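Below is one structure, written out as structure tokens; the observations come after it.
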Amino acid sequence: MNIFVTGGAGYIGSICVEELLNAGHQVTVFDNLTEGHRAAIDPRAAFVQGDLALPESVKAALAASKADAVMHFAANALVGESMTDPSKYFRNNVNGGINLLQAMVECSVRKIVFSSTCATFGTPDRVPIDETLPQKPINPYGESKLMFEQMLRWYDEIHGIRHVALRYFNAAGASERFGEDHRIETHLIPNILKVALGQKSGVSIFGTDYPTPDGTCIRDYIHILDLAQAHMLALTRNESAKYNLGTGGGTSVREVIAACKKVTGRDIHVVEEPRRPGDPARLIASSEKIHTELGWTPRFQAIESIIESAWKWHLAHPKGYETGS
Ligand code: UFG
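Numbering-wise, the numbering used here comes out as the position in the sequence shown, counting from 1, plus 21.
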């Protein structure tokens with residue numbers, strides 16, 4: 022298939038692009054490079070530097086790509102930032118999304134795979150989180166993603182655009198070539214690996230008084246290659262659907278740090294700090310639905326195997342994409 026990928030220069034987008042190309046699809050990456058990196062775009066893909074904020078820009082690129090389907094990764098995705106600058110999240114994630122959907126209508130592209138998030142669920146009443154739980158975001162980031170999910174329903178009903186929304190839990194790990202390099206790094210695993218690389222003096226644990234066995238937050242870390250596989254399967258679906266995407270396993274912050282110590286063989290200095298606003302204690306996915314309907318099964322279950330791939334990439338790219346590698 023011919024796939025138009027927004028945000029294909031970002032962490033998740035770049036690796037999905039690589040996997041799409043490996044599977045024989047043709048890809049056009051559409052990215053404004055504010056968060057993404059030019060060096061993260063697989064050279065086999067066509068690249069258009071453009072902005073979803075500009076309706077004509079996205080429409081022209083989509084028309085030229087002759088796409089059969091869209092994968093929509095482009096978004097702002099920092100929970101904390103969304104709490105201080107909600108306009109940025111609604112403008113880029115919602116308004117930009119409307120421009121993309123309108124371009125799809127005008128170019129008669131009838132399939133979209135959307136990067137959604139477990140942040141649309143807010144603080145869940147129970148875990149694992151399946152698709153029947155109510156979505157009650159607790160920050161503008163989660164709200165902006167939920168708003169786009171809700172819009173998708175109407176573009177299906179009115180324009181026949183079929184969607185698959187994938188609610189990622191905590192994406193982690195790397196492929197052989199592409200990895201995680203955010204200009205402002207807030208995520209746990211890359212921050213720990215920066216300590217292992219000697220680039221940071223220590224890693225903070227945000228909150229040690231959560232109602233969890235070791236007092237730190239529990240997350241469901243999913244390998245980026247398993248996530249990419251789910252996108253590929255989503256392309257085969259002809260009806261709209263929404264799926265939660267995680268391994269079903271939970272790992273605490275302390276357990277992630279211990280696993281990083283083991284994988285890297287290096288000491289990790291830890292600083293215990295107060296809770297970070299907006300962090301739910303425990304987020305674990307139920308991915309039964311996508312397993313049953315699309316046959317998706319994660320290959321990487323152990324946190325160590327996920328960290329190993331990230332560590333390998335960080336060792337090879339200690340300055341991320343800055344080196345142009
Ligand atoms: N944490 C630390 N120290 C750090 C960084 C994080 O203790 O230096 C903790 C956080 O408090 C949290 C856990 O580690 O408890 C994971 O934090 P991340 O920032 O790595 O990931 P989040 O769970 O906060 O967020 C991620 C994505 C969001 C997405 C969310 C749910 O970054 O975009 O998962 O899908 F919304």
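By construction, the Cβ of each residue, glycine as well, lies at the ideal position given by its N, Cα and C atoms. All values derive from a computational prediction rather than experimental measurement.
- In this structure, the ligand UFG has no non-hydrogen atom nearer than 7 Å to the beta-carbon of Arg275.
- Residues Val224, Val277, Ile278, Cys281 and Ile289 of the same chain have their beta carbon placed closer than 8 Å to that of Ile213, with the five preceding and five following residues left out of the count.
- With respect to the C-alpha of Gln220, the residue from Ser108, His338 and Pro145 having the closest C-alpha is His338.
- When rounded, the separation of the alpha-carbon atoms in Gly200 and Leu266 is 19 Å.
- Here Leu154 has Phe142, Pro145, Asp146 and Arg147 as same chain residues with Cβ atoms under 8 Å from its own Cβ, once five neighbours each way along the sequence are excluded.
- For Ala331 against Ala195, the beta-carbon gap comes to about 5 Å, under 8 Å, which counts as contact.
- For the pair Trp317 and Gly341, the Cα-to-Cα distance works out to about 30 Å.
- Distance from the CA atom of Ala88 to the CA atom of Thr207, rounded to whole angstroms, is 34 Å.
- Cβ neighbours of Ile182 within its own chain (closer than 8 Å, five residues either side excluded): Leu122, Met125, Val126, Val130, Arg131, Lys132, Ile133, Leu173 and Tyr176.
- Shortest gap from the CB of Val26 to any heavy atom of the ligand UFG: 7 Å or more.
- Between the region 231–239 and the region 62–80, the count of C-beta pairs closer than 8 Å stays below three; the two stretches do not touch.
- Distance check between Ala217 and each of Met92, Ile159, Gly31 and Ile328 places Ile328 closest, using alpha-carbon atoms only.
- If only complete runs of 4 or more residues are kept, the region 79–130 shows the alpha helix (DSSP H) at 100–105, 107–110 and 117–128, in order along the chain.
- Looking at the DSSP output, Ile239 bridges to Ser273 and Arg303.
- The closest heavy atom of the ligand UFG lies less than 7 Å from the beta carbon of Thr138.
- With a threshold of 16 other beta carbon atoms within 10 Å, His180 falls short and is exposed.
- Judged by DSSP secondary structure, Ala217 falls within the alpha helix (DSSP H) whose first and last residues are Leu209 to Ala217.
- Leu266 is bridged by DSSP to Tyr189.
- In this structure, the alpha-carbon of Val292 lies about 42 Å from that of Ile119.
- Between His93 and Ser136 the beta-carbon gap is near 6 Å, inside 8 Å, which marks them as a contact.
- In the three-state reduction of the DSSP assignment, Gln70 falls in the strand class.
- Between Leu315 and Phe190, the C-beta spacing is not below 8 Å.
- For Gln47, the secondary structure class from DSSP, reduced to helix, strand or coil, is strand.
- Under the DSSP assignment, Thr318 falls outside any beta strand (DSSP E); it carries neither an H nor an E label.
- When DSSP states are grouped into helix, strand and coil, Thr138 belongs to the strand group.
- Following the DSSP letters along the chain, one finds Ser165 inside the alpha helix (DSSP H) bounded by residues Pro161 to His180.
- Thr27 carries a strand assignment under DSSP once its states are collapsed to helix, strand and coil.
- Ser326 sits in a helix when the DSSP states are folded into three classes.
- Using a Cβ distance threshold of 8 Å, Thr268 and Gln322 count as a contacting pair.
- Around the CB of Asn53, 16 or more other CB atoms lie within 10 Å, so the residue is classed as buried.
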